[in-house]
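S.K.: All letters in the sequence shown, in the order written, are residues 16 to 612 by the numbering used here.
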Amino acid sequence: MAGEVTEAAHAAESAVAHGGMNLTAVVVLLAAAVIAVPLFRRLGLGSILGYLAAGLLVGPSVLAIFDDPQSIIHVAELGVVLFLFIIGLEMQPSRLWSMRGEIFGLGLLQVGGAIAVLVWVGVILGYPWAASFVAGAGFVMTSTAVVMQMLDERGEMSQPKGRRIVSILLFEDLAIVPLLALVAFLAPGAEEATMSDRLTGIAIGLASIAVLVLAGRYLLDPMFRLLARFGAREVMTAAALLVVLGAAVLLQEGGLSMAMGAFLAGVLLSESSFRHQLEAEIEPFRGLLLGLFFMGVGMALDLKVIAENWVVIAISVPTYMILKTLVIYIVGRLLKASRSEALERAVMMAQGGEFAFVLYASATQFGILTPIWNANLTAIIICSMVLTPFMMILHDRFAPKAIQQFDGVEEVRELHGSVLLIGFGRFGQIVSQPLLDRGYSLSLIDTDAEMIHDAGNFGFKVFYGDGTRPDILHAAGAGNARLIIAAANDPKAVTRIVELVKEEYPLTPILARAFDREHSLKLVEAGADYQIRETVESAFSMGREALIRLGDDPDDADEVMERFRARDAERFSLEVAEGISAGVSLIIGNKTKPERG
Numbered sequence: 016m017a018g019e020v021t022e023a024a025h026a027a028e029s030a031v032a033h034g035g036m037n038l039t040a041v042v043v044l045l046a047a048a049v050i051a052v053p054l055f056r057r058l059g060l061g062s063i064l065g066y067l068a069a070g071l072l073v074g075p076s077v078l079a080i081f082d083d084p085q086s087i088i089h090v091a092e093l094g095v096v097l098f099l100f101i102i103g104l105e106m107q108p109s110r111l112w113s114m115r116g117e118i119f120g121l122g123l124l125q126v127g128g129a130i131a132v133l134v135w136v137g138v139i140l141g142y143p144w145a146a147s148f149v150a151g152a153g154f155v156m157t158s159t160a161v162v163m164q165m166l167d168e169r170g171e172m173s174q175p176k177g178r179r180i181v182s183i184l185l186f187e188d189l190a191i192v193p194l195l196a197l198v199a200f201l202a203p204g205a206e207e208a209t210m211s212d213r214l215t216g217i218a219i220g221l222a223s224i225a226v227l228v229l230a231g232r233y234l235l236d237p238m239f240r241l242l243a244r245f246g247a248r249e250v251m252t253a254a255a256l257l258v259v260l261g262a263a264v265l266l267q268e269g270g271l272s273m274a275m276g277a278f279l280a281g282v283l284l285s286e287s288s289f290r291h292q293l294e295a296e297i298e299p300f301r302g303l304l305l306g307l308f309f310m311g312v313g314m315a316l317d318l319k320v321i322a323e324n325w326v327v328i329a330i331s332v333p334t335y336m337i338l339k340t341l342v343i344y345i346v347g348r349l350l351k352a353s354r355s356e357a358l359e360r361a362v363m364m365a366q367g368g369e370f371a372f373v374l375y376a377s378a379t380q381f382g383i384l385t386p387i388w389n390a391n392l393t394a395i396i397i398c399s400m401v402l403t404p405f406m407m408i409l410h411d412r413f414a415p416k417a418i419q420q421f422d423g424v425e426e427v428r429e430l431h432g433s434v435l436l437i438g439f440g441r442f443g444q445i446v447s448q449p450l451l452d453r454g455y456s457l458s459l460i461d462t463d464a465e466m467i468h469d470a471g472n473f474g475f476k477v478f479y480g481d482g483t484r485p486d487i488l489h490a491a492g493a494g495n496a497r498l499i500i501a502a503a504n505d506p507k508a509v510t511r512i513v514e515l516v517k518e519e520y521p522l523t524p525i526l527a528r529a530f531d532r533e534h535s536l537k538l539v540e541a542g543a544d545y546q547i548r549e550t551v552e553s554a555f556s557m558g559r560e561a562l563i564r565l566g567d568d569p570d571d572a573d574e575v576m577e578r579f580r581a582r583d584a585e586r587f588s589l590e591v592a593e594g595i596s597a598g599v600s601l602i603i604g605n606k607t608k609p610e611r612g
């Protein structure tokens, strides 16, 4: 760190000697990022690849606007440090404990297995053991940013399979810290150190950790509480940066890594009442510096070196990706994941990640990797990240569709409940409770086999059946039911069920779940005896509570809500008769009415 400070000082002196900061360079960097990142996101390739492409464009290999990318990388590495701090803030001990099996079981098995296999790629190609280990370990570190974006776009973040992927990413984020320490141990000459030197280094490292833990336990929270009372907003921002960088410097001076210091500082503050404010203060710096880091990596990509070593790169990219994919798939299957989940996880996590750049840079600094090897490995990682979105497209198009597990699931057959409830998701489950409490017999059907399994664990007997088919409605007892409720998760399915019931069983009342106002109108047109938007009652309840929290008397709030209910019903009647735009005059807007407060 001291060396980096000296370099920064020399750079500042040089800038002053030449008349100050080169604003043109700053403008070029910002323009490249502003153009490339949205374009790459539009193409579905992610912002990281956009930053890398922008850096490559303005770097020495293409336009040569910048000729010293390493100076930018040294500064921008702080983005990785801040990133690890934010990860630490999310690592509350309680959360880590609840996910311990998936993080330290699934994560350890996948990372350990992948490292054991990928190390042999370098060895077989004739590289030293230490370099082969660093190369393989770096490729194991999946891109957190790429995978999290994919999970978010696919709506899988909160699903069980998404949570398992996030657990693996968390373990990889934790693994980078000991890997960085291991790089220093593998450095040439490290084996010549005496036992006394080793013990002294370990003692200093442990002492620096102890100092950080004590400071985090007894000083950080009181400090932020004091600043919150007397400090300005910019002082809180400065204090947040001070904690992160101070922890990073402390552990680096103790012989460990800045990354470990930042991560531990985040963990120590993870249960602080100021955690969210700290994250908000750090996030802009983290995003900007991390983007600058990727641009620096793109600048450092030497196309001439890659052209001279294209055979090694062409062999290594598919070899690393295929082997990593196989390991992830096998680990998934060994731990009882379905074939479709294991395959999707393997394809999504087949690439290397941004932490590999940090690991390779550190290994180059310690002499384990040569600059040419570093350039080649960086190119391999970048190529794998570029290929991942295309692999996911191929996976979605050609992979076998997930097959529902029907073991223990019974199909609809001669049901006789007084109420037929079609769809037993979040809406149908709540609807069932007052009916069951009053002793009515319910026939429950759904098309989600996994949900049927889960419902069985909570005391429900749900049959498999598609309520949009006339034969299924007949087998489910629609002809004998006193009431039918359409509560499926698909709006089109609900509309079709209403139409079928009115055609086949016109005397049986049908109540329908509507997804929005427009869907409500369609259900009325289809003949539903009663329909309700799934969010309307909760929205009414929220509105009433908001009025009370703002100071209204509860009786006055009830009167307002009743008046609003009547207005909403009047508006809906107009829309049924004249179309969805007919009741616009009854909507209360915020353009002309003065605010109250």
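Cβ atoms here follow ideal geometry from the backbone N, Cα and C, with glycine treated the same way.
Given residue 242, which residues of its chain have a CB within under 7 Å of its CB, disregarding the five upstream and five downstream residues?
M.R.: 250, 251, 254
S.K.: Rounded to the nearest angstrom, what separates residue 125 and residue 227 at their Cα positions?
M.R.: 31 Å
S.K.: Do you know offhand how far residue 351's Cα is from residue 264's?
M.R.: 43 Å
S.K.: Can you give me the Cβ contacts of residue 149 inside the same chain, cut-off strictly under 6 Å, excluding the 5 residues immediately before and after it?
M.R.: 378, 383
S.K.: Could you check where the beta strand (DSSP E) with residue 501 kicks off and where it finishes?
M.R.: Per DSSP, residue 501 is one residue of the beta strand (DSSP E) stretching across 498-501.
S.K.: In its own chain, which residues sit with a C-beta less than 7 Å from the C-beta of residue 318, not counting the 5 before and 5 after it?
M.R.: 76
S.K.: By how many angstroms is the C-alpha of residue 103 removed from the C-alpha of residue 582?
M.R.: 50 Å
S.K.: Label residue 68 either buried or exposed according to how many other C-beta atoms from any shown protein chain fall within 10 Å of its C-beta, with 16 as the threshold for buried.
M.R.: buried
S.K.: Would you check if there are 3 or more beta carbon pairs closer than 8 Å linking the region 524-531 to the region 502-514?
M.R.: The region 524-531 and the region 502-514 touch, with no fewer than 3 CB-CB distances between them shorter than 8 Å.
S.K.: Just checking my contact of residue 74 with residue 303 at CB under 8 Å: how many whole Å lie between their CB atoms?
M.R.: 19 Å between Cβ atoms; not a contact.
S.K.: Residues bridged to residue 229 by DSSP?
M.R.: Answer is none; residue 229 lacks a bridge partner.
S.K.: CA-CA distance, residue 329 and residue 97?
M.R.: 34 Å
S.K.: Over what stretch of residues does the beta strand (DSSP E) that includes residue 158 continue unbroken?
M.R.: No residue range can be given for residue 158, since it is assigned to no beta strand (DSSP E) and is classified by DSSP as neither H nor E.
S.K.: Could I get the ranges of all uninterrupted alpha helix (DSSP H) runs contained in the region 347-388, with 4 residues as the minimum, in chain order?
M.R.: 354-363, 370-380
S.K.: Provide the residue span of the alpha helix (DSSP H) that contains residue 317, from first to last.
M.R.: From DSSP, residue 317 is part of no alpha helix (DSSP H); its letter is neither H nor E.
S.K.: Taking the C-alpha atoms as reference points, what is the distance between residue 57 and residue 71?
M.R.: 19 Å
S.K.: Can you give the Cα-Cα distance for residue 48 and residue 65, rounded to whole angstroms?
M.R.: 7 Å
S.K.: What three-state label does DSSP hand residue 331 in the structure shown?
M.R.: helix
S.K.: DSSP three-state call for residue 477: helix, strand or coil?
M.R.: strand
S.K.: Does DSSP put residue 595 in a helix, a strand or coil?
M.R.: coil
S.K.: Taking DSSP's pairing of strands, which residues face residue 548 in a bridge?
M.R.: 529
S.K.: Under 7 Å, do residue 559 and residue 572 count as touching if we go by C-beta distance?
M.R.: yes
S.K.: Would you identify the three-state DSSP class for residue 36, choosing helix, strand or coil?
M.R.: Since pLDDT at residue 36 reaches only 48, below the 50 mark, its modelled position is unreliable, and no value is offered.
S.K.: Who are the near neighbours of residue 536 in its chain, counting only those whose CB is closer than 7 Å to its CB and skipping five residues on each side?
M.R.: 590, 591, 595
S.K.: Flag this pair as touching only if the region 476-494 and the region 426-437 have three or more C-beta atom pairs under 8 Å; answer yes or no.
M.R.: yes
S.K.: Taking Cβ to Cβ, would you say residue 166 is nearer than 7 Å to residue 153?
M.R.: no
S.K.: Could you pull the start and end residues of the beta strand (DSSP E) that residue 437 belongs to?
M.R.: Boundaries of the beta strand (DSSP E) around residue 437: 434-437.
S.K.: Decide if residue 600 is buried, meaning its Cβ has at least 16 other Cβ atoms within 10 Å, or exposed.
M.R.: Its Cβ having fewer than 16 others within 10 Å, residue 600 is exposed.
S.K.: Can the beta-carbon of residue 434 be found closer than 7 Å to that of residue 409?
M.R.: Against a cut-off of 7 Å, the Cβ pair of residue 409 and residue 434 comes out as no contact.
S.K.: Would you call the region 393-409 and the region 342-357 in contact, with 3 or more CB pairs under 8 Å?
M.R.: Between the region 393-409 and the region 342-357 there are fewer than three inter-stretch CB-CB distances shorter than 8 Å, so the stretches are not counted as touching.
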